[in-house]
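Colleague: Structure below; questions to follow.
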Amino acid sequence: MTIHSPQNTPPLAVNREGLAFEIDDGIGTLANLGLLVLRTDQTIEDEFRFALPSSGVALYEARLYSDVEITPSNLMKMSDEIPGTVGLLPDVTFDVVGFACTSGSLVIGEERIAERVHERMPGVKVTNPVTAARAAVAALGARRVALLTPYMPEINHSLRASLMARGMDIPVMGSFHEPDDNRVARITPASIEQAILDLGSSDECDAVFVSCTSMRVARIVADVEAKLGKPVTSSNHALAWHMLRLAGYSQPLEGLGRLFSLGIA
């Protein structure tokens, strides 16, 4: 094919076409992680950027359609979006794919999420914030967990019941009662920290789990743990840890709290 330069374009002094090159293993020399991120989520990229190693682990994201209002019916609708969203991820060999919605994971079901991912990517390891939180609580050796959410009561009590049915003991719970995901993303870390300290100070719990991928928690975990004297994790924090461990990345990471020094129990 002949490419004609526009008129009056100065000639090239040097023009070397077809330069030699080599190919390596790309960014994910240690792990390739795929993340299905809700359309409304404004938080998780920053959280994962903070929580993942600075090199060797590649993170590829695809946006999944979701409604702004967090209701059971809206959450269930996301199930149909999963296979198509997986298809938007790049053509690399993934070690793990994460579905990044806590309440959606409970409403749709952990096993059903994996099935929908496997429709487009058979055999890949799949996790979500609920599966990750359960693994995190087990790794931390926590027996009684305080649950902090931004959700409305209908979601809160369903979430607590579902987590308890999966083996978590949750005697302490608190919520900001905010149904708009855009506003949840703007709840300040200082507000979240104070709520964690308030709930976590109860003698009825020995760890705190903050539910919702829109909540900004990962950057404050280490400091809050030092103040509280108990382990703290969140949807994003636990999900990043679980994806790394499922991918075979076993090294401890500093500045991320107790969980990131541990492997899967």
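Going by this note's numbering, the first residue of the sequence shown is number 23, and it counts up by one from there.
Each residue gets a CB set at the ideal place from its N, CA and C atoms; glycine is no exception.
Source: prediction; values computed, not measured.
(1) Quick check on DSSP: helix, strand or coil for residue 231?
(2) Could you say which of 228, 210, 194 and 249 lies nearest to residue 219 if we only look at CA atoms?
(3) To the nearest angstrom, how far is the alpha carbon of residue 146 from that of residue 118?
(4) Within the chosen definition, does the segment 213 to 231 reach the segment 53 to 69 through at least 3 CB pairs nearer than 8 Å?
(5) For residue 110, name the three-state secondary structure that DSSP assigns.
(6) Between residue 149 and residue 234, is the Cβ-Cβ spacing less than 9 Å?
(7) Report yes if the C-beta distance between residue 55 and residue 265 is below 9 Å; otherwise report no.
(8) Per the DSSP calculation, residue 207 is bridged to which residue(s)?
(9) Taking its Cβ as the centre, do 16 or more other Cβ atoms sit within 10 Å of residue 53, making it buried, or is it exposed?
(10) Among residues of its own chain, excluding the 5 on either side of residue 90, which ones have a beta-carbon nearer than 7 Å to its beta-carbon?
(11) Look up residue 192 in the DSSP assignment and say whether it is helix, strand or coil.
(12) On a CA-only basis, which of 277, 143 and 271 is nearest residue 111? Give me that one, please.
(13) Return helix, strand or coil for residue 166, following the three-state DSSP convention.
(14) Starting from the Cα of residue 279, find the closest Cα among 106, 73, 121 and 132 and give me that residue.
(15) Give the secondary structure of residue 202 by DSSP, where H, G and I count as helix, E and B as strand, and everything else as coil.
(16) Evaluate residue 138 with the Cβ neighbour count: other Cβ atoms within 10 Å of its Cβ, from every protein chain shown; 16 or more gives buried, anything less gives exposed.
(17) Where residue 97 and residue 38 are concerned, what is the direct C-alpha to C-alpha distance, given to the nearest angstrom?
(18) Which runs of the alpha helix (DSSP H), 4 residues or longer, sit entirely within the segment 50 to 137?
(19) Suppose contacts are defined by Cβ-Cβ distances below 9 Å. Is residue 173 in contact with residue 181 by that definition?
(20) Quick one: using the 10 Å Cβ neighbour count with 16 as the cut-off for buried, is residue 95 buried or exposed?
(21) Considering only the beta carbon of each residue, do residue 161 and residue 257 sit closer than 9 Å?
(22) Looking at C-alpha atoms only, which residue of 239, 238 and 66 is the closest neighbour of residue 83?
(23) From residue 221 to residue 254, what does the alpha carbon distance come to, in whole angstroms?
(24) Would you mind giving the Cβ-Cβ distance between residue 103 and residue 86, rounded to the nearest angstrom? I have them listed as a contact below 8 Å.
(25) Could you spell out where the beta strand (DSSP E) holding residue 252 opens and where it closes?
Modeller: In this structure, then:
(1) Reduced to three states, the DSSP call for residue 231 is strand.
(2) Looking at the Cα atoms, 249 is the closest of the given residues.
(3) Approximately 6 Å, taken between the alpha carbons.
(4) With the cut-off at 8 Å, the segment 213 to 231 and the segment 53 to 69 do not touch.
(5) When secondary structure is reduced to three states using DSSP, residue 110 falls in the coil class, being assigned neither helix nor strand.
(6) Judged by their CB atoms, residue 149 and residue 234 are not nearer to each other than the 9 Å cut-off.
(7) Yes, they are a contact pair.
(8) DSSP output for residue 207 lists no bridge partner at all.
(9) Looking at its Cβ environment, which holds 16 or more other Cβ atoms inside 10 Å, residue 53 is buried.
(10) Answer for residue 90: 62, 202, 203 and 204, listed in chain order.
(11) Strand.
(12) It is 143 whose Cα lies nearest to the Cα of residue 111.
(13) Reduced to three states, the DSSP call for residue 166 is strand.
(14) The residue among 106, 73, 121 and 132 with its C-alpha nearest the C-alpha of residue 279 is 73.
(15) Three-state DSSP puts residue 202 in a strand.
(16) Counting Cβ neighbours within 10 Å, residue 138 comes out buried, since at least 16 surround it.
(17) When rounded, the separation of the alpha-carbon atoms in residue 97 and residue 38 is 54 Å.
(18) At a cut-off of 4 residues, the continuous stretches assigned as alpha helix (DSSP H) that sit fully inside the segment 50 to 137 are 66 to 73, 94 to 99, 104 to 108 and 124 to 130.
(19) Closer than 9 Å, so yes.
(20) Its Cβ having fewer than 16 others within 10 Å, residue 95 is exposed.
(21) It is not a contact, given that the beta carbons lie outside the stated cut-off.
(22) Minimum Cα distance to residue 83 is reached at 66.
(23) Roughly 11 Å between the two C-alpha positions.
(24) About 5 Å separates the two Cβ atoms, so the contact holds.
(25) Looking at the DSSP string, residue 252 is not in any beta strand (DSSP E), and its letter there is neither H nor E.
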